[in-house]
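Residue 253 in numbering that gives the first Met the number 0 sits at position 254 of the sequence shown; the count goes up by one each step and never skips. We put the beta carbon where it would ideally sit given N, CA and C, even for glycine. Predicted, not measured: the structure shown is a model, and the values here were computed from it. Structure first, then comments.
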Amino acid sequence: MLYNISRIFIFQGRGYVVLDALALLLYSQLDLFCICLLGVLFVHSLRNTDLRRYWRYFQYIVLGSICFILLDYLYLLGTNHVIPMSPEAAYVVNAVCFIVGGISLFFWMIYAERITNSTMQLTPLRLLFYLSPLIALCVLMLLSFFTGWVYSLNSTLQFQRGPYYLLAYLLPYSYLIVEAVRLLIRAMQRKNYAHKRELLGIFLYSLPLLCALVLSVFVTASTPLPCLATTISALLLYMNSQDSLVSIDPLTKLNNRTQLLRHLSVEMSRLDDTAPLFLMILDLDHFKRINDQFGHVAGDQALERFANVLHSIQPRFGCFMSRYGGDEFIIVHRSSRPGEMDALCQAISRTLEESNAQSDAPYQLHFSYGWARCTPDLTYIPDFIALADQQLYHMKARRKRCDGQ
């Protein structure tokens with residue numbers, strides 16, 4: 000993401016030569032395209048009504064990426080003699096490009112920490128620790144101006160690597176590498192199951208930049224890989240943040256699977272014997288037959304009608320209702336009243352019977368269900384769902400035996 004991709008050089012022997020005008024034009028167009036795309040993203044982020052505390056760090060990432068590519072473009076024009084630039088000025092532009100890239104990666108690390116650990120406090124000591132690679136990079140680039148430790152430019156603006164060239168990459172990229180590893184570890188932990196998709200989405204941000212790092216340092220220095228990687232990564236991060244805002248299933252208008260997992264993660268972490276936590280899974284009977292005989296439009300209408308039944312009884316019980324997937328629905332309910340779950344099932348059955356009587360559909364809707372109570376040893380969300388699903392399976396098996404199937 001840093002310096003040597005800022006040049007439109009190809010490697011010949013032991014040095015670099017400037018490419019022709021066409022290559023320069025293509026490189027310029029790519030830089031300008033990335034700047035425009037990130038600019039649109041930044042303006043859109045300013046208009047976003049998301050007030051989450053970590054959202055401003057995303058804006059800092061995008062703004063830093065724009066500044067990085069602008070510096071890349073300025074350095075490109077100078078080293079190709081499109082605009083006058085002395086070796087000293089070229090060094091400063093490139094050094095600032097290094098540092099701005101590091102600042103963007105620093106904000107990405109803070110963004111990832113904020114989104115995965117909302118209680119994190121940026122104390123002065125912790126902030127100093129986080130800033131230490133960036134401070135070291137600034138010192139190194141300053142010293143290199145006099146010593147050529149990182150790189151140097153001769154009178155014709157030809158670039159020469161110094162002995163600490165790789166270190167100048169590793170210092171800012173340490174933010175990316177360390178945080179990417181931490182995100183992967185967190186995503187694999189059972190306690191973070193509800194946030195696994197979100198954690199992996201943030202992790203994806205690092206992949207284009209890591210690929211650009213390897214290719215730029217060890218393969219070629221003649222392509223604008225970090226500019227592309229920076230833009231792609233920002234888009235991935237934005238898409239992930241928008242996905243995390245979507246919590247409603249568009250067909251049934253119930254909470255979706257993502258919102259269900261978030262809700263369960265919170266509720267299962269605060270068990271209360273005086274108000275036990277229950278999970279009920281519901282499944283429409285013979286839903287496949289409805290789809291096969293009457294078409295998928297009829298299947299969608301059946302799901303909507305059943306969802307309307309759930310909507311109608313939700314205020315009475317105050318429970319959390321969601322579409323789990325396909326024709327499966329999950330209700331999460333906390334109650335201290337004996338027989339509450341049986342009463343809930345009876346209310347759904349009565350309301351569904353009324354809906355069947357009023358509907359002119361050529362089929363009747365029926366459902367099976369199973370429910371389970373959360374216990375202290377149930378800490379993994381899939382285990383809790385599987386326990387209720389097991390009861391659902393037993394009910395379906397009993398009905399099949401009764402029907403002689």
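Output the distance between the C-alpha atoms of residue 150 and residue 23, rounded to the nearest integer angstrom.
-> Residue mapping note: residue 150 aligns to position 151 of the sequence shown, counting from 1. Residue mapping note: residue 23 aligns to position 24 of the sequence shown, counting from 1. Looking at the two C-alpha atoms, the distance is approximately 23 Å.
Assuming residue 323 and residue 280 make a contact with CB atoms under 8 Å, what is their CB distance in whole Å?
-> The residue you call residue 323 lines up with position 324 of the sequence shown. The residue you call residue 280 lines up with position 281 of the sequence shown. That pair is a contact at about 7 Å.
Quick one: residues in its chain with C-beta nearer than 7 Å to the C-beta of residue 314, no 5 flanking neighbours on either side, listed in chain order?
-> Taking the first residue of the sequence shown as position 1, residue 314 is located at position 315. Excluding residues within five positions, none has a Cβ falling inside 7 Å.
Are residue 174 and residue 67 touching if we call contact CB-CB under 8 Å?
-> Residue mapping note: residue 174 aligns to position 175 of the sequence shown, counting from 1. Residue mapping note: residue 67 aligns to position 68 of the sequence shown, counting from 1. Not in contact: residue 174 and residue 67 (Cβ atoms no closer than 8 Å).
Spatial distance of residue 260 from residue 373 (CA atoms) | For the purposes of this step, residue 260 is identified with residue 261 of the sequence shown, where counting begins at 1. For the purposes of this step, residue 373 is identified with residue 374 of the sequence shown, where counting begins at 1. The alpha-carbon atoms of residue 260 and residue 373 are separated by roughly 15 Å.
In this structure, what does DSSP give as the bridge partners for residue 371?
-> Position 372 of the sequence shown, counted from the start, is the residue given in the question as residue 371. Residue 371 pairs with 278.
Return the first residue and the last residue of the beta strand (DSSP E) that residue 405 is part of.
-> Any answer about residue 405 is impossible in this case: the structure gives the chain only from 0 up to 404.
Count the other CB atoms within 10 Å of the CB of residue 215; is the residue buried (16 or more) or exposed (fewer)?
-> Locating residue 215 in the sequence shown gives position 216, counting from the first residue. So residue 215 counts as buried.
Do the stretch 97-115 and the stretch 123-136 meet, that is, are 3 or more Cβ pairs less than 8 Å apart?
-> yes
In terms of DSSP beta bridges, what is residue 320 paired with?
-> Here residue 320 refers to the residue found at position 321 of the sequence shown. Answer is 330.
So, residue 267 versus residue 383, is the Cβ gap smaller than 8 Å?
-> For this step, residue 267 is matched to residue 268 along the sequence shown. For this step, residue 383 is matched to residue 384 along the sequence shown. Taking 8 Å as the Cβ cut-off, residue 267 and residue 383 qualify as a contacting pair.
Presumed contact (8 Å Cβ cut-off) between residue 40 and residue 61, rounded CB distance = Here residue 40 refers to the residue found at position 41 when the sequence shown is read from its first residue. Here residue 61 refers to the residue found at position 62 when the sequence shown is read from its first residue. Right, the Cβ-Cβ distance comes to about 5 Å (below 8 Å), so this counts as a contact.
Taking residue 347 as the reference, give the member of 364, 38, 269 with the closest Cα.
-> Mapped onto the sequence shown, residue 347 falls at position 348. Of the listed residues, the one whose Cα sits closest to residue 347 is 364.
Give a single yes or no on whether residue 309 has its beta carbon closer than 7 Å to a heavy atom of the ligand SAM.
-> No copy of the ligand SAM occurs in the structure displayed, which carries no ligand at all.
In terms of alpha-carbon separation, which member of 258, 203, 223, 246 lies closest to residue 232?
-> Here residue 232 is taken as the residue at index 233 of the sequence shown, counted from 1. With distances taken between Cα atoms, residue 232 lies closest to 203.
Residues near residue 161 by beta carbon distance below 7 Å, same chain, minus five either side = On the sequence shown, residue 161 is found 162 positions in, with the first residue counted as 1. For residue 161, where only same-chain residues beyond five positions count, the Cβ hits under 7 Å are 143, 147, 148, 149, 150, 151.
Terminal residues of the beta strand (DSSP E) in which residue 260 lies = Within the sequence shown, residue 260 is the residue found at index 261, counting from 1. Not the beta strand (DSSP E): residue 260 falls in the alpha helix (DSSP H), residues 256-267.
For residue 290, collect the residues of the same chain with a Cβ closer than 7 Å to its Cβ; drop the 5 residues on either side in sequence, then sort them by chain order.
-> Numbered from its first residue, the sequence shown carries residue 290 at position 291. Result list for residue 290: 298, in chain order.
Taking all protein chains shown into account, do 16 or more other C-beta atoms lie within 10 angstroms of the C-beta of residue 171, making it buried, or fewer, making it exposed?
-> Taking the first residue of the sequence shown as position 1, residue 171 is located at position 172. Label assigned to residue 171: buried.
According to the neighbour-count rule (16 or more other Cβ atoms, all chains shown, within 10 Å of its Cβ), is residue 38 buried or exposed?
-> Working through the sequence shown from its first residue, we reach residue 38 at position 39. So residue 38 ends up on the exposed side.
Closest by CA to residue 282, which one among 209, 334, 388?
-> Here the question's residue 282 lines up with position 283 in the sequence shown. Of the candidates 209, 334, 388, the one whose C-alpha sits nearest the C-alpha of residue 282 is 388.
For the stretch 173-212, which segments carrying the alpha helix (DSSP H) assignment without a break, of at least 4 residues, lie completely within its bounds, in sequence order?
-> 195-203
Does the stretch 300-313 come close enough to the stretch 251-259 that 3 or more CB-CB pairs lie under 8 Å?
-> yes
Which two residues bound the contiguous beta strand (DSSP E) that contains residue 150?
-> For this step, residue 150 is matched to residue 151 along the sequence shown. Element bounds for residue 150: 150-152.
DSSP state of residue 82 mapped onto helix, strand, coil | Taking the sequence shown and counting its residues from 1, one reaches residue 82 at position 83. Note: residue 82 maps to coil in three-state DSSP.
Residue interval of the alpha helix (DSSP H) (run including residue 120) = Sequence index remark: in the sequence shown, residue 120 carries index 121 (1-based). First-last for residue 120: undefined, no H or E at that position.
Could you say which of 153, 182, 294 lies nearest to residue 109 if we only look at CA atoms?
-> As a working note, residue 109 is residue 110 in the sequence shown. Nearest of 153, 182, 294 to residue 109, Cα basis: 182.
So does the stretch 332-345 actually touch the stretch 390-404, counting three or more Cβ pairs closer than 8 Å?
-> No: fewer than three Cβ pairs fall under 8 Å.
8 Å Cβ cutoff met for residue 165 and residue 185 = Working through the sequence shown from its first residue, we reach residue 165 at position 166. Working through the sequence shown from its first residue, we reach residue 185 at position 186. No. Outside cutoff.
When the Cα atoms are used, what is the spatial distance from residue 208 to residue 65?
-> Here residue 208 is taken as the residue at index 209 of the sequence shown, counted from 1. Here residue 65 is taken as the residue at index 66 of the sequence shown, counted from 1. Cα-Cα distance, rounded: 15 Å.
Assign residue 228 to buried or exposed, taking buried as 16 or more other Cβ atoms, counted over all protein chains shown, within 10 Å of its Cβ.
-> Position 229 of the sequence shown, counting from 1, holds the residue named residue 228. The residue in question, residue 228, is buried, as its Cβ has 16 or more Cβ neighbours within 10 Å.
Collapsed DSSP secondary structure at residue 292 in the structure displayed | Reading the sequence shown from its first residue, position 293 is the one you call residue 292. In this structure, residue 292 counts as helix in the three-state DSSP scheme.
Beta bridge counterpart(s) of residue 283 as assigned by DSSP = Here the question's residue 283 lines up with position 284 in the sequence shown. As a beta-bridge residue in DSSP terms, residue 283 pairs with 366.
Same chain only: Cβ atoms within 8 Å of residue 139, ignoring 5 sequence neighbours per side = The residue labelled residue 139 in the question sits at position 140 within the sequence shown. Counting only Cβ-Cβ distances below 8 Å, and skipping sequence neighbours, we find 148, 149, 163, 166, 167, 170.
Does any residue of chain C bring its CB to less than 8 Å from the CB of residue 293?
-> In the structure shown, chain C cannot be found, because there is only a single protein chain.
According to DSSP, is residue 398 helix, strand or coil?
-> Walking along the sequence shown from the start, residue 398 turns up at place 399. Three-state result, residue 398: helix.
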